[in-house]
Amino acid sequence: MPLPLAASAWLDPGAFAGLAAHLARHEGADLLLSGAGWPDEDLCLAGLRPTAEHVPDPADPKPGLRAFLAAHPGPALGFLSYPLGLDLHGVPSAKPRALPPGLFRKYAALLSWRHSSGRLEILGSDPALARELARLAACPPPLPAWNPPAPAPLEASLDRPGYEAAVERALEHIRGGDVYQCTLSLRFSREFPAEQGPDLLLRLWQQRPAPFMAWFRHGPLRLLSVSPERFLRLEQGRALSQPIKGTAAFREGEPGPEAALRNSPKEDAELSMIVDLMRNDLSRNCAPGSVRVDRHKAVFRLDRLLQMHSGVSGLLRPGRDGADLLLDAFPPGSVTGCPKRRALEIMERLEPHCRDIFCGCFAVLRENGDLDSSVAIRTAILDSRAGRLDFFAGSGIVVDSRPEREYGETLAKAANFLRLEDL
Amino acid sequence: MRILLADNADSFTWNLEHLLALAFHARVEVAPYPPASACGFDLLAISPGPGHPREYPAYGPLLDSGVPVLGICLGMQIINEHFGGTTDRLPGCVHGRAEAIDLGDRTLAVARYHSLHTAALGQGLEVLAVNADGVVMALAHATRPLAGFQFHPESFLTEDGEHCLAFAARRLGLA
Numbered sequence: 045m046p047l048p049l050a051a052s053a054w055l056d057p058g059a060f061a062g063l064a065a066h067l068a069r070h071e072g073a074d075l076l077l078s079g080a081g082w083p084d085e086d087l088c089l090a091g092l093r094p095t096a097e098h099v100p101d102p103a104d105p106k107p108g109l110r111a112f113l114a115a116h117p118g119p120a121l122g123f124l125s126y127p128l129g130l131d132l133h134g135v136p137s138a139k140p141r142a143l144p145p146g147l148f149r150k151y152a153a154l155l156s157w158r159h160s161s162g163r164l165e166i167l168g169s170d171p172a173l174a175r176e177l178a179r180l181a182a183c184p185p186p187l188p189a190w191n192p193p194a195p196a197p198l199e200a201s202l203d204r205p206g207y208e209a210a211v212e213r214a215l216e217h218i219r220g221g222d223v224y225q226c227t228l229s230l231r232f233s234r235e236f237p238a239e240q241g242p243d244l245l246l247r248l249w250q251q252r253p254a255p256f257m258a259w260f261r262h263g264p265l266r267l268l269s270v271s272p273e274r275f276l277r278l279e280q281g282r283a284l285s286q287p288i289k290g291t292a293a294f295r296e297g298e299p300g301p302e303a304a305l306r307n308s309p310k311e312d313a314e315l316s317m318i319v320d321l322m323r324n325d326l327s328r329n330c331a332p333g334s335v336r337v338d339r340h341k342a343v344f345r346l347d348r349l350l351q352m353h354s355g356v357s358g359l360l361r362p363g364r365d366g367a368d369l370l371l372d373a374f375p376p377g378s379v380t381g382c383p384k385r386r387a388l389e390i391m392e393r394l395e396p397h398c399r400d401i402f403c404g405c406f407a408v409l410r411e412n413g414d415l416d417s418s419v420a421i422r423t424a425i426l427d428s429r430a431g432r433l434d435f436f437a438g439s440g441i442v443v444d445s446r447p448e449r450e451y452g453e454t455l456a457k458a459a460n461f462l463r464l465e466d467l
Numbered sequence: 111m112r113i114l115l116a117d118n119a120d121s122f123t124w125n126l127e128h129l130l131a132l133a134f135h136a137r138v139e140v141a142p143y144p145p146a147s148a149c150g151f152d153l154l155a156i157s158p159g160p161g162h163p164r165e166y167p168a169y170g171p172l173l174d175s176g177v178p179v180l181g182i183c184l185g186m187q188i189i190n191e192h193f194g195g196t197t198d199r200l201p202g203c204v205h206g207r208a209e210a211i212d213l214g215d216r217t218l219a220v221a222r223y224h225s226l227h228t229a230a231l232g233q234g235l236e237v238l239a240v241n242a243d244g245v246v247m248a249l250a251h252a253t254r255p256l257a258g259f260q261f262h263p264e265s266f267l268t269e270d271g272e273h274c275l276a277f278a279a280r281r282l283g284l285a
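Chains as they are written, first to last, in the numbering used here: chain S, 45 to 467; chain W, 111 to 285.
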């Protein structure tokens, strides 16, 4: 059941940024935003005044999720956290978890804005709320000037020797035939003034636009995501995944870094493995013969980095739906490893921290059965009570990985993500 | 045709299911390891998977049951160990790359994902294909309907997965 269109308006991107930050700060809005410059990812959504909430049951998540989606009008916004993937694959974990297995909300009002048209739609059945939002949208408060918080020390979940020892143990699992690839991450923590969270997200939206950005509330926690990667999209029965593997830094004007990335045997093998893994995860719910690989090794630029990805698509088998697709493929292959279950077991032992939202996904689940979702990388948890920001970075470990290089790459990713001073 | 695909908690199982369904026009049932029985099936396919073949002892009776068996990667190593062959680490192991091998009457690129390899061949088995370095890429039993590929016919890196399965089907007396 769709939400009715209550009002519409035209906003330029600056006005939308101000509106979105205001709604996140004062109205408790959840946001799923595409940054500018991504022709295929055009849409920004804000959910206000939740009318219903659903936490998936890790023992059997599909029936409850389907019932929730059917019971309330409009699309659901939400997330699945990484430890749900451990539960779904039967991997035991005793680490404390900051988040529920997942959380989806339906809203009294949903705002939808497109980069391509600048058109804002206010959807919902509450006329008073729609009028209030239309008044706000007519003259949105400007995005506050960005005031970078003072530099603060970073605390990592593993020190350099600890991380390199973990990589060495992962390599031993690879040489012993347990996995072809796994991923290892670090969690970083720093002080951060919680009230600046919405400004940080919208500032990133303006300055370092990524195709899949998110802001989501859970109690005192705020999830903030600036992801470059689609996990799964489902549109009229056609499923699409766009896994990223292979990252390289580039400098403006430098010739041919794309070719160097494409021609690297290590990056090629890493991406190929994950393409075969995503083919598998789609094939489980797609019709035999329908699964294809498109645009293999396409390279795009994002925030000082080149990223290489591929498209894997297929047609759903009769009788399968988005809940099957999303939950059977979870957690995303590009941030776990292959074979997935053994990789999850190894990573669970080697990492001292819980990934929580990191390597989970954000998703919009539509009333017609379509969905879109991102891989929750370049993602942080802001604790508004403690004034603390936890964020994560990791890298894929394959047989020719070197511990010292993986450590350097992980630190560089973390530093690049939280470059606040020149934002 | 009915195929039982035994899944060793692998992440390529459903790729293999699609390829088996297309190549053999078969109905494929996927069962997690350990499968109880392959009785009533025309073919048992043993999936790739993590670890060493000794972690999968339940296949012994199925390999002796007379039902034709096709093992992929770990599945091939399981067949080899069943007949007393051995499996060792492969120095310079290869994951996610394709290379050309001769398979039957054709040379074609096949995908390799393996850290372990056939160090000694089991009794009664014969090698059907090796790569340029002499690593066993395909084997079969001399008299029984058992065959295996070290490479991955179900990978998108493999040039012609259906050709590989047709080759196996002839060897197993299914074609």
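Ideal Cβ placement from N, Cα and C applies to all residues, glycine included.
Given the structure is predicted, the values throughout are model-derived calculations rather than measurements.
Residues bridged to residue i (per DSSP)
i                 : result
Cys226 of chain S : S:Gly381, S:Ile441
Ile156 of chain W : W:Ala116, W:Gly181
Gly355 of chain S : S:Asp338
Glu199 of chain S : S:Ser233
Asp198 of chain W : W:His227
Cys330 of chain S : S:Leu360
Ala53 of chain S  : S:Leu164
Cys88 of chain S  : S:Leu77, S:Trp157
Ala221 of chain W : W:Ala208, W:His262
Pro171 of chain W : Pro171 of chain W pairs with nothing; no bridge assigned.
Contacts of residue i in chain W (Cβ-Cβ under 7 Å)
i                 : result
Cys224 of chain S : A quick correction: the sequence has Tyr, not Cys, at residue 224 of chain S. Per Cβ cutoff of 7 Å: His205, Gly206, Tyr223.
Ile441 of chain S : The premise fails here: Ile441 of chain S is roughly 11 Å from chain W at the closest Cβ pair, so nothing lies under 7 Å.
Cys382 of chain S : Ser121
Arg213 of chain S : Those within 7 Å of Arg213 of chain S in chain W number zero; the least Cβ separation is about 15 Å.
Buried versus exposed, by CB contacts within 10 Å (16 or more), residue i
i                 : result
Glu395 of chain S : buried
Trp249 of chain S : buried
Met391 of chain S : buried
Ser52 of chain S  : exposed
Asp215 of chain W : exposed
Leu49 of chain S  : exposed
Glu199 of chain S : exposed
Asn329 of chain S : buried
Pro324 of chain S : Pro is not the amino acid found at residue 324 of chain S; the sequence shown has Asn there. Its Cβ being crowded by 16 or more others within 10 Å, Asn324 of chain S is buried.
Asn15 of chain S  : The structure shown does not extend to residue 15 of chain S, since chain S spans only 45 to 467, so no value can be given for it.
Cys183 of chain S : exposed
Val237 of chain W : exposed
Met45 of chain S  : exposed
Ala387 of chain S : buried
Arg281 of chain W : buried
Ala252 of chain W : exposed
Lys139 of chain S : exposed
Pro2 of chain S   : No information on residue 2 of chain S is available, as it lies outside the stretch 45 to 467 that chain S covers here.
Gln240 of chain S : buried
Leu175 of chain S : Note that residue 175 of chain S is Arg in the sequence shown here, rather than Leu. Under this definition Arg175 of chain S is an exposed residue.
His224 of chain W : buried
Under 9 Å from the C-beta of residue i: neighbouring residues of chain S
i                 : result
Arg216 of chain W : Correct list: empty, because the minimum Cβ distance to chain S is about 22 Å.
Arg199 of chain W : Arg219, Gly220, Gly221
His273 of chain W : The premise fails here: His273 of chain W is roughly 16 Å from chain S at the closest Cβ pair, so nothing lies under 9 Å.
Leu132 of chain W : Pro332, Gly333
Under 8 Å from the C-beta of residue i: neighbouring residues of chain W
i                 : result
Glu314 of chain S : Gly206
Arg361 of chain S : The contacting residues do not exist; Arg361 of chain S stays about 11 Å from chain W at best.
Met317 of chain S : His205, Gly206, Tyr223
Partners in chain W for residue i, counting only beta-carbon separations shorter than 9 Å
i                 : result
Asp320 of chain S : Ser121, Phe122, Asn125, Gly206, Ala221, Tyr223, His262, Glu264, Ser265, Phe266, Leu267
Met352 of chain S : Here the premise fails: no neighbours, minimum Cβ distance about 13 Å.
Arg385 of chain S : Ala119, Asp120, Ser121, Pro160
Arg323 of chain S : Phe122, Trp124, Asn125, His128, Glu264, Ser265, Phe266
Partners in chain S for residue i, counting only beta-carbon separations shorter than 8 Å
i                 : result
Leu172 of chain W : Under the 8 Å cutoff, chain S gives no residues; its nearest Cβ is about 21 Å from Leu172 of chain W.
His135 of chain W : Neighbours of His135 of chain W on chain S: none; closest Cβ ~10 Å, over 8 Å.
The ligand MN heavy atom lying under 8 Å from the CB of residue i
i                : result
Gly79 of chain S : Looking for the ligand MN in the displayed structure turns up nothing, as the structure carries no ligands at all.
Segments of 4+ residues assigned as alpha helix (DSSP H) that fall wholly inside the region 357 to 439 of chain S: 366 to 372, 384 to 394
Give me the subset of the region 325 to 337 of chain S whose CB atoms are less than 7 Å from a CB atom of chain W, sorted by chain position. Ser327, Arg328, Pro332, Gly333, Val335, Val337
- Please name the residues in the region 140 to 165 of chain W whose beta-carbon is closer than 7 Å to at least one beta-carbon of chain S, in chain order. Gly159, Pro160, Gly161, His162
* To do: Kindly provide the ranges of any beta strand (DSSP E) runs that are 3 or more residues long and lie completely inside the region 239 to 264 of chain W, ordered along the chain.
  => 246 to 251, 256 to 259
- Every unbroken alpha helix (DSSP H) within the region 148 to 227 of chain S, with a cutoff of 4 residues, ordered by chain: 171 to 182, 204 to 219
Check your understanding: Taking any Cβ of chain S, which residues in the region 223 to 247 of chain W have a Cβ under 9 Å from it, in chain order?
Key -> Tyr223, His224, Ser225, Leu226
- Whole beta strand (DSSP E) runs in the region 101 to 129 of chain S with 3 or more residues, listed along the chain? 120 to 124
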